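Chains as they are written, first to last, in this note's numbering: chain A, 1 to 251; chain B, 1 to 291; chain C, 1 to 295.
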Amino acid sequence: MTALLDIRNLDKHFDGITALDDFSCTLGEGEILGVIGPNGAGKTTLFNVLTGFTAPDNGQVLLQGNNLNRLSPHKRARLGIARTFQNLRLIRRISVLENVLLCFKDQPGERLSNVFFGWGHCRAQEASSRQKAFSLLRQVGLADKANDPADALSYGQQKLLSIVCCLAADAQIILLDEPVAGIAPKMIDKILEMIQGLPKQGKSIVLIEHNLDAVMQVCHRVIFMDAGAKISEGTPQQVRDDPRVIEAYID
Amino acid sequence: MSQVIVNAIVSAAGYLLVGLGFALIYSTTRFFHFAHGIVVTAGAYVAFALTAWLGLPLWTAMFGGIIASALLGGIIELSVYRPLRTRAASAGILLLASLGAYVALQAVIVIAFGSGTQTLRAGNVPEALPILGARITIPQIATIVVSSVCCLFVWLLLTRTQIGKMLRAVACDHDLAQVCGIRGESVIMAAFLLGSSLAGLAGVLLALDGDMTPAMGFQLLLMGMLAVIVGGIDSIPGAALGAVLLGLTQNLSAWWLSSKWEDAIVFAILILFLLLRPQGFLGKPLGKVTV
Amino acid sequence: MEYLLHVFVLVCIYAVLTASLDILAGRTGLLSIAQAAFYGVGAYASALLAVRLGAPFLLTVLAGMVMAIVISLVVSLPSLRLQDDYFVVATFAFQMIVFSIFTNWMELTRGPLGIAGIPQPVIFGWHVNNHADFMLLAAGSACCAYVTVHRIARSPYGRVLHAIREDEVLARAVGKNTLYFKVTVFAVSAALAAMAGSLYAHYITYIDPTNFTVMESILVLSMVIIGGAGSMWGPLVGAAVLVILPEALRFVGLPSSVAANIRQILYGGLLVVFMILRPRGLMGKYAFGKGGTGK
């Protein structure tokens, strides 16, 4: 597999804390990569660097060979990297459908000139976007809640919605930050099943999780991080049985 | 030229007093308390009322003005900001309420005292003493001395005392401070009372030397705010530095160009600072938005 | 009757102003205290072109709007990267600078003397020179402003504006160039405010810097917030309430100097009361300020 995402020697220090320590890894096409590690290991910082919200002190991130350095978050998103957030970011005051519609790329109605001079074209595009959004929501069973405010969904449904938003953005690489944390078992299964189906749709996933069962179940490969460094890498079983990992967890 | 410098330092002293109070309140509550401006004005006008209407001696009237300012600040905190904080108001809402309070209270002062100028001067224009080729009045000297002393006092308070630590703890994380046993609301009230007293002090001293108008607090607040932002909003020495820089800029530009443009220049400098160095000279770098 | 028409025209002019600020503060969450500056830019541009060059009304309005847009870019491009609190301070500083220019650039604006003798509008032969005609013009302008703002709010562009208000980090994470949206909405807001300024200038036929102070900015802000920021009718209701209520005071028999101050107490007091008791304003659905997880 050619490396879709090539992460090389990332360093990041905050005020005396080492968030990333010479961290390198690759992500292949159609792969589900799990990233685990104790709190404060630098996992979310890794996502922030990948998506451009934090600039690394050293190192590079290459997407299909192209250096992403200094590209702003919105440009990286347009190149096909989508993410969810640990503290679950959604626009709660607008409807579920609107949240999904927000994520579509290249909407003509988002250019001010079209709002005034191409309204017909905008309306047509918006109608087709709505259909696409509905079908995405139908696939995960949220279609009946489409017009409710995002606030009205349960926590688990909100997490599901945030993944649907990544799909709406037509992203190639989806970064999921604790997608099943804090939700009921039935919903966990539903979300994991959905994640497992994503490579068939041409997506590649990086997954941060504390739920080791979930990681074992869906990930093709796992990386264990501690204090910003990569401690272990391999199949889920290999990492689970790695004595360094066991030691780090006991500490 | 030396007169320009003297004027600059006198202005700086006034701005510093106002800025100190503003910064104290900002560091504890993390929003821009615009109504601080009217607290300045109120101090001057209450002092005026006490001496011109009630015939009280000047010192008593001045003291009364300072107390009135402290009380007004406390009342605003109690009746406006505290209810908003219990309703989890955002900083934007607090700012709007502050603007509303300012606007309403300034109109009250105009109704009570008229919109013309008044003065607290006892008798004639104070004699200007010659110093190093420039002239300076006694109230001006008093302003410089008082301002420096207060600056030192506030700095020591914030950095060396227990109370200061509590003020800064509440500023960083209200809830966490509460858990540690610090009564956030009391600390905030203390900051308001102290900050508003400083404002009253500024109002009274400046009214002594010059004229007072209902809008005086606004001008002073803006300058105080600028001084604090330029110097670094979390730094007391920075505030002093900012005030001096502001005083110098204002008076130099009045001298070189024309006094009518001094406002525009000062605000342009503020914008430059906001863009190039928002943390001011000595402030900590502003944290980036957390993701 | 003439008096009622006059009040109506004022309400319409302020309705344009509130629409202009609502799209910025109410829909996008960008609190600005500079609306009076753009209001003034439109008024002065219109007045100067009409008085000094005899330009026709529609041209002066257009010129005012273009000037406002250009100036808005000068302000917004650098300042929109500032965090909220500091952005407000930047708009404050900008407002003070513009006011200073209106007051001190005597050669252009005649400073405190103001500009008098601004001709009443003539639009393709229609002389707007009485209150009834002005009522039509003002109402028409207010409608234009509202239709514009509503179309923007209902469009995908508007959806992104709302997202920026609620959670800008999320908006950027899903691929939106939030700087583009903020700069363009600031420009639209400035253009609409300038339009209101042109209307005002040609209606009252005399302008001076005291019409465009920071207090005026705060007044427009109060109207938006009290009416209900980000809602469909809120800004209009806010404008109506805060124009009509103080006018009603005239009939209570207060001397006019006191009346002006009572008006100000009303604006300020209502703002405070609403923030505490009903932050969403009269017609709004949500309180002004960040919702969701915000930052």
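Just so it is clear, CB atoms sit at the ideal spot from N, CA and C, and this is done for glycine as well.
In this text the structure is predicted, and so the values were computed from the model without any measurement.
Exercise for review: Return the residues of the stretch 152 to 175 of chain C that lie within a Cβ-Cβ distance of less than 7 Å from chain A, sorted by chain order.
Suggested key: Listed by position along the chain: Ile152, Ser155, Pro156, Tyr157, Arg159, Val160, His162, Ala163, Glu166, Asp167, Val169, Leu170, Arg172, Ala173, Val174, Gly175.
Exercise for review: Going by CA-CA distance only, name the one from Val16/C, Ala36/C, Val98/C that's closest to Trp261/B.
Suggested key: Residue Val98/C is the option with its Cα nearest to Trp261/B.
Check your understanding: How would you call Asp241/A, buried or exposed, if buried means at least 16 neighbouring beta carbons within 10 angstroms?
Key -> Here Asp241/A is exposed, its C-beta having fewer than 16 other C-beta atoms within 10 Å.
Check your understanding: Nearest-angstrom Cα distance between Cys180/B and Gly195/B?
Key -> Across the structure, Cys180/B and Gly195/B are spaced so that their CA atoms are roughly 24 Å apart.
Point to revise | Arg93/A versus Gly202/A, Pro149/A, Ile32/A, residue with shortest Cα-Cα distance | key: Nearest to Arg93/A by C-alpha distance, out of Gly202/A, Pro149/A, Ile32/A, is Pro149/A.
Point to revise | Cβ of Asp208/C within 8 Å of any chain B Cβ | key: Asp208/C does not count as touching chain B.
Check your understanding: Can the beta-carbon of Ile208/A be found closer than 8 Å to that of Leu176/A?
Key -> The answer is yes: Cβ separation under 8 Å.
Point to revise | Cβ-Cβ distance between Ile266/B and Gln279/B below 8 Å | key: The residue asked about is misnamed: residue 266/B is Val in this sequence, not Ile. No.
Exercise for review: Report the three-state DSSP secondary structure of Met96/C (helix, strand or coil).
Suggested key: In the structure shown, Met96/C sits in a helix (DSSP, three-state: H, G or I).
Practice item. Evaluate contact between the stretch 98 to 112 of chain B and the stretch 240 to 251 of chain C, counting only Cβ atoms and requiring at least three cross-stretch pairs below 8 Å. Key: No: fewer than three Cβ pairs fall under 8 Å.
Review point. Measuring from the CB of Phe251/C, is there a heavy atom of the ligand NAD at a distance below 7 Å?
Key: For the ligand NAD, the structure offers nothing, since it holds no ligand at all.
Review point. In or out: Lys200/A buried (at least 16 other Cβ within 10 Å) or exposed?
Key: Of the other Cβ atoms in all chains shown, fewer than 16 fall within 10 Å of the Cβ of Lys200/A; this residue is therefore exposed.
Review point. How about Leu205/B and Pro130/B: are their beta carbons less than 8 Å apart?
Key: With respect to the 8 Å criterion, Leu205/B and Pro130/B are not classified as neighbours on the basis of their beta carbons.
**Study point:** CB of Leu221/C within 8 Å of CB of Ile71/C, strictly
**Key:** Contact: no.
Exercise for review: Round the Cβ separation of Gly293/B and Ala70/B to the nearest angstrom and send it over; I've been treating them as touching at under 8 Å.
Suggested key: Any property of residue 293/B remains undetermined from this structure, which presents chain B solely from 1 to 291.
Exercise for review: Determine the closest residue to Asn69/A out of Arg8/A, Asp213/A, Gln131/A, with distance taken between C-alpha atoms.
Suggested key: Put simply, of Arg8/A, Asp213/A, Gln131/A the residue whose alpha carbon is nearest the alpha carbon of Asn69/A is Arg8/A.
Practice item. Check the Cβ-Cβ distances between Leu99/B and every residue of chain C, and say whether any is below 8 Å. Key: It does; some Cβ of chain C falls within 8 Å.
Check your understanding: Does the separation of the CB atoms of Ala193/C and Lys176/C fall below 8 Å?
Key -> No, these two residues do not count as a Cβ contact at 8 Å.
Practice item. Could you name the residues of the same chain whose beta carbon sits closer than 7 Å to that of Gly292/C, not counting the 5 residues immediately before and after it, in chain order? Key: Legend: pLDDT at Gly292/C = 37, less than 50; position of this residue unreliable, no value from coordinates given.
Review point. Do the stretch 136 to 144 of chain C and the stretch 72 to 88 of chain C make contact, defined as three or more Cβ pairs closer than 8 Å?
Key: In this structure the stretch 136 to 144 of chain C does not lie against the stretch 72 to 88 of chain C, because fewer than three pairs of beta carbons, one per stretch, are closer than 8 Å.
Exercise for review: Evaluate the contact criterion for the stretch 205 to 212 of chain C versus the stretch 38 to 54 of chain C: three or more CB pairs, one atom per stretch, below 8 Å.
Suggested key: Between the stretch 205 to 212 of chain C and the stretch 38 to 54 of chain C, the count of C-beta pairs closer than 8 Å reaches three or more; the two stretches touch.
Check your understanding: Going by other Cβ atoms of all chains shown within 10 Å of its Cβ, with 16 needed for buried, is Asp213/A buried or exposed?
Key -> Taking all protein chains in view, the Cβ of Asp213/A is surrounded by fewer than 16 other Cβ atoms within 10 Å, so the residue is classified as exposed.
Exercise for review: Compute the distance between the beta-carbons of Ser79/C and Leu275/B, then report whether it is under 8 Å.
Suggested key: Yes. Within cutoff.
Exercise for review: Taking Gln264/C as the reference, give the member of Ile5/B, Ile109/B, Leu208/B with the closest Cα.
Suggested key: Here the closest residue by C-alpha is Ile109/B.
Point to revise | Within chain C, partners of Gly109/A - CB distance below 7 Å | key: Neighbours of Gly109/A in chain C, taken as residues at a C-beta separation under 7 Å, are given in chain order as Ser155, Pro156, Tyr157.
Exercise for review: Starting from the beta carbon of Thr274/B, find every residue of chain C whose beta carbon is closer than 9 Å, and list them in chain order.
Suggested key: According to the sequence shown, residue 274/B is Leu rather than Thr. Correct list: Pro78, Ser79, Leu82, Tyr86, Phe87, Val89, Ala90, Ala93.
Check your understanding: So what's Phe254/A in DSSP terms, helix, strand or just coil?
Key -> Given that chain A is displayed from residue 1 to residue 251, the structure contains no residue 254/A and the question cannot be resolved.
Review point. According to DSSP, which residues form a beta bridge with Tyr206/C?
Key: Its beta-bridge partners are Ala116/C.
**Study point:** Pairwise C-alpha distance: Phe273/B and Ala145/C
**Key:** Approximately 35 Å, taken between the alpha carbons.
Point to revise | Under 9 Å (Cβ pairs) to chain C, residues found in the stretch 77 to 104 of chain B | key: For the stretch 77 to 104 of chain B, residues whose beta-carbon sits nearer than 9 Å to a beta-carbon of chain C comprise Ser79, Val80, Pro83, Leu84, Arg87, Ala89, Ser90, Ala91, Gly92, Ile93, Leu94, Leu95, Leu96, Ala97, Ser98, Leu99, Gly100, Ala101, Tyr102, Val103, Ala104.
Exercise for review: Consider the Cβ of Cys25/A: report whether some Cβ of chain C lies at a distance smaller than 8 Å.
Suggested key: At a cut-off of 8 Å between beta-carbon atoms, Cys25/A makes no contact with chain C.
Point to revise | Counterpart residues of Asp34/A in DSSP-defined beta bridges | key: The sequence shown places Gly at residue 34/A, rather than the Asp named in the question. DSSP output for Gly34/A lists Leu207/A, Val222/A as bridge partner(s).
Point to revise | Per DSSP, the bridge partner or partners of Leu90/A | key: None; Leu90/A has no bridge partner.
Review point. How many angstroms separate the CA atom of Asp263/B from the CA atom of Phe92/C?
Key: Cα to Cα, Asp263/B sits roughly 13 Å from Phe92/C.
Check your understanding: Taking Cβ positions, are Leu142/A and Val96/A nearer each other than 8 Å?
Key -> Taking 8 Å as the cut-off, the Cβ atoms of Leu142/A and Val96/A count as close.
Exercise for review: Kindly indicate which residue of Leu245/B, Leu58/B, Ile67/B has the alpha-carbon position closest to the one of Leu208/B.
Suggested key: Out of Leu245/B, Leu58/B, Ile67/B, the CA that lies nearest to the CA of Leu208/B is found in Leu58/B.
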